[in-house]
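Engineer:
Chains as they are written, first to last, in our numbering: chain A, 1 to 285; chain B, 286 to 390.
#1: Should residue 346 of chain B and residue 87 of chain A be called a contact, given that it needs their Cβ atoms to be closer than 8 Å?
#2: To be precise: take each residue of the stretch 304 to 330 of chain B, compare its Cβ to all Cβ atoms of chain A, and keep it if any distance is under 7 Å. Which residues remain?
#3: Does the stretch 208 to 218 of chain A come close enough to the stretch 134 to 147 of chain A that 3 or more CB-CB pairs lie under 8 Å?
#4: Pick out whichever of A:219, A:121, A:81 has its Cα sitting closest to the Cα of residue 274 of chain A.
#5: Candidates A:203, A:246, A:229, A:234: which alpha carbon is nearest residue 272 of chain A's?
#6: Looking at the secondary structure, which residues open and close the alpha helix (DSSP H) in which residue 318 of chain B lies?
#7: Can you find a CB in chain B that lies within less than 8 Å of the CB of residue 270 of chain A?
#8: My assumption, with CB atoms under 8 Å, is that residue 266 of chain A sits in contact with residue 342 of chain B. Please give the rounded CB distance.
#9: Can you tell me whether residue 248 of chain A sits near the ligand MG, meaning its C-beta is under 7 Å from at least one heavy atom of the ligand?
#10: Can you name the start and end residues of the alpha helix (DSSP H) that residue 62 of chain A belongs to?
#11: Specify the secondary structure class of residue 138 of chain A as computed by DSSP and reduced to three states.
#12: Compare the Cα-Cα distances from residue 69 of chain A to each of A:170, A:47, A:111, A:128 and report the closest residue.
#13: Compare the C-beta of residue 333 of chain B against all C-beta atoms of chain A and say whether one is closer than 8 Å.
#14: Please compile the residues from chain C whose C-beta is within a distance smaller than 7 Å of the C-beta of residue 341 of chain B.
#15: Which one of A:119, A:207, A:109 has the shortest CA to CA distance from residue 72 of chain A?
#16: Just to confirm before moving on: does the CB-CB distance between residue 139 of chain A and residue 173 of chain A stay below 8 Å?
#17: Which one or two residues does DSSP pair with residue 50 of chain A in a beta bridge?
This is the structure in structure tokens:
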């Protein structure tokens, strides 16, 4: 009821002076209803805080109410730094909540609700499968400028990951892509088995954004910065931009969105594995 | 290498973003205190490079989110004119259908 009155001018056909009823209004009506559920909503709180609840998990409080996931569960986060970052996402919202800017919150919701019922094994297998279509491994044969750019920018990253993990990946110009040896996949699988469910959720997100497992590992292992990883992911776009010019509302828009999402994903992975890392470091000392 | 290579610059960058996002009372926020504490704590420890990478990642998150939102509102924002006004701009009028089209809610 409250939301209908909020959008009263758009929804209620009889509030128009002539009582006009145009078909486009019904789209607005549907958009307004969906908008309140998915993209935007009015800010309904003043203060954001965090508190520690059961099992040492952190909760987000919006005024007196505890934040819940879209699935209805209590929103809980395994460590304080991530809780603070999520709380900040809610704290900086102005009059309307823009959910599409709250990437960390979205990732937490995905991890908590697991709406597609993924298992860790499925996520690892999906990640390894992605290697077969890794952006870094797919090379063009022309134009020569792009061929050289790919060689100069992508080969070093390939070398890095092959050395770091002692694997063979290689690149290919064929439409079938590179042939990834089984030993390579096994090595990565062993490595990914040490990731917990939250970290895998984050990693999967980063791989989807960057369209490359190699670049994702480069970022997560702190070999690349977010800006570098995004640039390398968008190498062909950047090449075309240099040739044909930049269009702000497409190119910059895409780049900033990709950077924001990738940065959130990387932070999510690091913070989700942090608690165990600290324990390991203490044990090693 | 990106321009932000030193911890000091990363810290300043984050605080600047927080000030833009929160306004004048950004110093009262949890995140402000947490960021300062992290920078103080990690100055000389072994995980310094890790902490710097984390800081640069967070700075990238804040900056990119803001820039993306800015571009979104500039180019994809909702128009502020009413439908009749827009139609009127090109000399058209909306049709009158007093009974509605029947299939609309």
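From the three backbone atoms N, C-alpha and C, an ideal C-beta is built for every residue, glycine too.
Structural biologist: Result, derived from the coordinates:
#1: To locate residue 346 of chain B, count along the second chain from 1; it is residue 61. To locate residue 87 of chain A, count along the first chain from 1; it is residue 87. Not in contact: residue 346 of chain B and residue 87 of chain A (Cβ atoms no closer than 8 Å).
#2: 306, 307, 314, 315, 316, 319
#3: yes
#4: In the first chain, residue 274 of chain A corresponds to position 274, counting from 1. Taking only the C-alpha atoms, the option nearest residue 274 of chain A is A:81.
#5: Stepping through the first chain from its first residue, residue 272 of chain A is reached at position 272. Minimum Cα distance to residue 272 of chain A is reached at A:203.
#6: Start at 1 with the first residue of the second chain, and residue 318 of chain B comes out as number 33. Per DSSP, residue 318 of chain B belongs to the alpha helix (DSSP H) from 315 to 326.
#7: Along the first chain, one-based indexing puts residue 270 of chain A at 270. Cβ-Cβ to chain B under 8 Å: yes for residue 270 of chain A.
#8: In the first chain, residue 266 of chain A corresponds to position 266, counting from 1. In the second chain, residue 342 of chain B corresponds to position 57, counting from 1. Yes, residue 266 of chain A and residue 342 of chain B are in contact; Cβ-Cβ is about 5 Å, under 8 Å.
#9: Summarising the ligand content, the structure contains no ligands, and the ligand MG is consequently not present.
#10: Along the first chain, one-based indexing puts residue 62 of chain A at 62. Careful: residue 62 of chain A lies outside any alpha helix (DSSP H), inside the beta strand (DSSP E) at 58 to 62.
#11: Reading the first chain from its first residue, position 138 is the one you call residue 138 of chain A. Strand.
#12: The residue you call residue 69 of chain A lines up with position 69 of the first chain. The residue with the shortest Cα to Cα distance from residue 69 of chain A is A:111.
#13: Residue mapping note: residue 333 of chain B aligns to position 48 of the second chain, counting from 1. No, residue 333 of chain B lies away from the interface with chain A (no Cβ there is under 8 Å from its Cβ).
#14: Given the protein chain composition of this structure (A and B), no chain C is represented.
#15: Position 72 of the first chain, counted from the first residue, corresponds to residue 72 of chain A. Closest by alpha carbon: A:109.
#16: On the first chain, residue 139 of chain A is found 139 positions in, with the first residue counted as 1. On the first chain, residue 173 of chain A is found 173 positions in, with the first residue counted as 1. Taking 8 Å as the Cβ cut-off, residue 139 of chain A and residue 173 of chain A qualify as a contacting pair.
#17: Taking the first residue of the first chain as 1, we reach residue 50 of chain A at position 50. Residue 50 of chain A is bridged to A:60.
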